[in-house]
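Participant:
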Amino acid sequence: MLSRRRFLGAVGSTGLVVAAGCDENAAGRPGSSGFPGGAQQKGERLQPGSAAAPQPFTQPLRIPPVIQPVRTENGTDYYQVTTRVAQAEILPGTRTEIWGYNGIFPGPTFDVRRGRRIVVSTRNELPTPTVTHLHGGRTPPEHDGYPMDYILPVGGWSSAAHDAHTGSVSPGTRDYAYPLDQRAATMWYHDHRMDFTGPQVWRGLAGMMLLRDDEEDALPLPHGDREVPLMITDRTFNEDGSFMYPSIDPTLRDTPGVTGPYHGGVLGDTILVNGVPWPFLEVEAARYRLRFLNASNSRQYRLELDPRPNGVAPFIQIGSDGGLLDAPRNLDRIDIAPAERFDVIVDFSKYSVGTRIVLRHTGGTGNVGQVMQFRVARTASDDSAIPSRLSTIPRLTPPTSEPTRQFAFQQGPEGGKMVWRVNSRSFNPDFIHADVRLGVTEMWQLVTDAQHPVHVHLSPFQIHQRIGQSLAPTDGGWKDTIRLEPNKVARILVRFDGYPGKYVFHCHNLEHEDMRMMANFTVR
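What follows is the structure in structure tokens.
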């Protein structure tokens, strides 16, 4: 890990961060993530590529394979995963070097059950250290993917960037044990290496986990081929098909961060779903369960269907980050920030056979304003239904009328530079922002200066209040990531049950996270 002095020196010498203020060149540019009538992230910048963009809706959607355990012993399923360099055809007719779990992007999907312990033995054949975080997992700290708990490359590793390392080093291979003692939910896993999460996820280190339980199985929801995981990302490509990312150090060995224009977040000009640019999916005239994950580094999406279905809401939300809602919610659109998940039903029986429906990102323009296409291919029987009640979610009780703690996610001066910080501190692995007691509910007040999707490890939370705003229909249920707009204040209720130990919370704009907008908390 770079010392704070060396990190800030690198910042100053490269123009990595600049004084606070919106990047006027990004505002209104094609592909900007700012929504009509809304502000964008400070300094967020579209990175235009030099590769020829494929024609949208000419390639079929791919569904990542489901990984199978290599053995089962005493009620535990054991899996083997290797992170390695591979080649993939993402743009038609070209090859892209990826860093993938088992050499694919997205990584394989884990389809697992509540309470059935799994162990994932992860081998690192990449040229840099890796860390795997199960996002949404209720996981003991030694298996949570703390940013400095590295798996070193099997060929060895030496770098000045890690001279001051204070985490747990595993040479070559590390076993992650997940109890999965939690509600059914759409989760995902991704790289979480200190200072380099953004570029390593950009190169492909992300995949999904679908956790199931008896409560969800008892509901007559769409299943089988009508349950579709959709990982949405944006990327930019060089002319030869390689990923383009503005790293200061393209080897990802020593100096972290991105070049100056991208300090607020990197936006790609090509939208991928499950690793396919602007794909299409043939569907039957029936209900489908779509599990949306925004796995982009910094882009926020506003998803709408065009045309809208007749007589029903375009989306019926049944689940959030932390699993089922108490009751379905009808949504005209979905605003989804990086790391958020939305579990929704779309009823394609409301369309005529032959209809082509575009899933649009109405915050973008041109091809960036399109995500994928659904093609209603045939009529079909449908025995699914959407119950009026889905689950029971006890409401957390605020400890008092005042917040227990306040955390400000803001840009500010440090060492003569402007950096991304939490409560006026850039991340220091030895500083604890909150020391909480196991089993206690706290109210955290979150303050922002820009769009910051805030993610809390270990403990799911409930959105209690948005100061000066009404709660959105999508704010219900259990969350682990909250979408925060610029210059807003929100209060969340967090119940710290699970496991004692040291965890982090951070902005899930990965460029902000890499530039130290992260903090420690301990549970005792």
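Whatever position you read off the sequence shown (first residue = 1), add 2 for our numbering.
Glycine is no exception: its CB is placed at the ideal position from the N, C-alpha and C atoms.
#1: What did DSSP end up calling Gln82 once you bin it into helix, strand or coil?
#2: On the premise that Arg343 lies in contact with Thr188, defined as a C-beta separation below 8 Å, what is that separation, rounded to the nearest angstrom?
#3: At which residue ranges does the segment 55 to 138 contain complete beta strand (DSSP E) runs of 3 or more residues, listed in the order of the chain?
#4: In its own chain, which residues sit with a C-beta less than 7 Å from the C-beta of Pro311, not counting the 5 before and 5 after it?
#5: Cβ atoms of Arg237 and Leu274: under 8 Å apart, would you say?
#6: Nearest by alpha-carbon distance to Asn299: which of Leu327, Ala288, Thr199 and His363 is it?
#7: Near Pro181, what residues of its chain come up, given a Cβ to Cβ distance below 8 Å and the 5 sequence neighbours on each side ignored?
#8: Who are the Cβ neighbours of Ile106 in its own chain at under 6 Å, not counting the five residues just before and after it?
#9: Using 8 Å as the threshold, is the C-beta distance between Pro108 and Gly209 below it?
#10: Quick check on DSSP: helix, strand or coil for Leu460?
#11: With H, G and I counted as helix, E and B as strand and the rest as coil, what does DSSP make of His225?
#12: Could you give the distance in angstroms between the alpha-carbon of Arg214 and the alpha-carbon of Arg185?
#13: For Trp422, report the span of its beta strand (DSSP E) as first-last.
#14: Drop a sphere of 10 angstroms on the beta-carbon of Asn332, count the other beta-carbons inside from all chains shown, and report buried for 16 or more, exposed for fewer.
#15: Check whether the Cβ atoms of Gln453 and Ile494 lie closer than 8 Å to each other.
#16: For Asp385, count the other beta carbons within 10 Å of its own beta carbon; 16 or more makes it buried, fewer makes it exposed. Which is it?
#17: Which residue comes first and which comes last in the beta strand (DSSP E) that contains Leu448?
#18: Restricting to Cα atoms, I'd like to know which of Thr524, Val525 and Leu512 is closest to Met196.
#19: Kindly indicate the opening and closing residues of the alpha helix (DSSP H) around Asp516.
#20: Note down the Cα distance separating Tyr103 from Gly368, rounded to an integer number of angstroms.
Facilitator: In brief:
#1: The answer is strand: DSSP assigns Gln82 an E or B state.
#2: 4 Å between Cβ atoms; contact.
#3: Complete beta strand (DSSP E) runs here, min 3: 73 to 75, 78 to 90, 98 to 103, 112 to 115, 120 to 126 and 134 to 137.
#4: Counting only Cβ-Cβ distances below 7 Å, and skipping sequence neighbours, we find Asp349, Lys352 and Tyr353.
#5: Arg237 is positioned such that its CB atom lies closer than 8 Å to that of Leu274.
#6: Checked all of Leu327, Ala288, Thr199 and His363; the closest Cα to Asn299 is Thr199.
#7: Closer than 8 Å at the Cβ level, and outside the excluded window around Pro181, lie Gly117, Arg119, Arg140, Thr141 and Pro142.
#8: Once the five neighbours on either side are set aside, Ile106 has no close Cβ partner at all.
#9: Their beta carbons are under 8 Å apart, which means Pro108 touches Gly209 by this criterion.
#10: In the three-state reduction of the DSSP assignment, Leu460 falls in the coil class, being assigned neither a helical nor a strand state.
#11: His225: coil per DSSP, three-state reduction.
#12: A straight-line Cα-Cα distance of about 8 Å links Arg214 and Arg185.
#13: First-last of the beta strand (DSSP E) with Trp422: Lys419 to Val424.
#14: Asn332 should be labelled exposed.
#15: Not in contact: Gln453 and Ile494 (Cβ atoms no closer than 8 Å).
#16: Its Cβ having fewer than 16 others within 10 Å, Asp385 is exposed.
#17: From DSSP, the beta strand (DSSP E) with Leu448 extends over Thr443 to Thr450.
#18: When only C-alpha atoms are compared, the closest one is Leu512.
#19: Start and end: Leu512 to Asp516.
#20: Going by the C-alpha atoms only, they are around 32 Å apart.
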